[in-house]
Each structure stands twice: as C-alpha cells, then as structure tokens.
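Engineer: One structure, pasted below without further comment.
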Amino acid sequence: MPNPCYKQQKDNRGEWYWVYYARNGEAIARSSESYKAKTDCEHSIDLVKGSKDDPVYTH
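1 is the number of the first residue of the sequence shown in full-length UniProt numbering; add one for each residue after it.
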C-alpha cells in the first residue's frame, strides 16, 4: 500500500476503524471509535480530511 494513506480494518468485535499511515509507513493516527458500518468509517475519514484548514490552538 502506498503511503501516506488511510487503512480501514475490523477490530475483534467485527467493527470498522481506520489507521492513518505517514509517508514513512508509521501509523500516526487511529479513529477514536469503531463503526458497525464501513460507510460510517469512510465518513469519519472524510471528516478528518476536511479539517485540514481548521485552526490549531495552543493552551
């Protein structure tokens, strides 16, 4: 699989989650929850992709 990429897979309960792999092949992010439907997992990836221009705040 070429990197960077998102990989969808199933957990032990048979629910979908995603992992994001950086260019160097390291897993650097994982969905915060699992999803019964693969389409819900795909929607979660789209939400993350769409937030790239959101502001970042430091506390």
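In this text, a Cβ means the ideal position worked out from N, Cα and C, and glycines have one as well.
Suppose contacts are defined by Cβ-Cβ distances below 8 Å. Is residue 49 in contact with residue 15 by that definition?
Structural biologist: no
Engineer: What ranges does the beta strand (DSSP E) occupy inside the UniProt domain "DUF1508" (11 to 53), keeping only unbroken runs of at least 3 residues that lie completely in it?
Structural biologist: 16 to 21, 27 to 30
Engineer: Determine whether the beta carbon atoms of residue 22 and residue 4 lie at a separation below 8 Å.
Structural biologist: Against a cut-off of 8 Å, the Cβ pair of residue 4 and residue 22 comes out as a contact.
Engineer: Would you mind stating whether residue 20 and residue 9 have Cβ atoms separated by less than 8 Å?
Structural biologist: no
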